[in-house]
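Visitor: Residue numbers for the sequence shown follow the numbering used here, so the first one is 90 and each next one is one higher. No residue lacks a Cβ here, since even glycine has one placed at the ideal position from N, Cα and C. First the structure, then my questions, so here it is.
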Amino acid sequence: IRRGQANILGTIVGVLILGIINNGLNLVGAPFFLQTIVKGSVLILAVSLAVRREEIRFF
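Here is the structure:
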């Protein structure tokens with residue numbers, strides 16, 4: 090893992106997105122294990138995209 094820069098706006102947007110996803114899954118009555126899988130997948134995707142963006146910017 091490389092050293093990065095903190096981004097307050099990005100953090101707030103990420104928290105809001107995860108909150109919306111969590112609320113939506115609760116409203117549709119999704120089981121807890123499915124909520125965990127979806128939220129984990131979103132986090133993995135976000136980190137993967139951030140790393141990929143840094144790799145592209147590096148070259």
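Could you tell me the distance, in whole angstroms, from the CA atom of Asn111 to the CA atom of Val136?
Guide: Those two C-alpha atoms are separated by around 18 Å.
Visitor: Take Val127 and list the residues in its own chain whose beta-carbon comes closer than 7 Å to its own, dropping the five residues that flank it on each side.
Guide: Same-chain partners within the cutoff: Ile110 and Leu114.
Visitor: Would you say Leu123 reaches chain C, if we count a Cβ-Cβ gap shorter than 8 Å as a contact?
Guide: Of the protein chains in the structure, only one exists, and it is not chain C.
Visitor: Can you tell me whether Val102 is helix, strand or coil according to DSSP?
Guide: In the structure shown, Val102 sits in a helix (DSSP, three-state: H, G or I).
Visitor: Quick one: Cα of Gly99 to Cα of Gly129, how far?
Guide: For Gly99 and Gly129, the distance between alpha carbons rounds to 18 Å.
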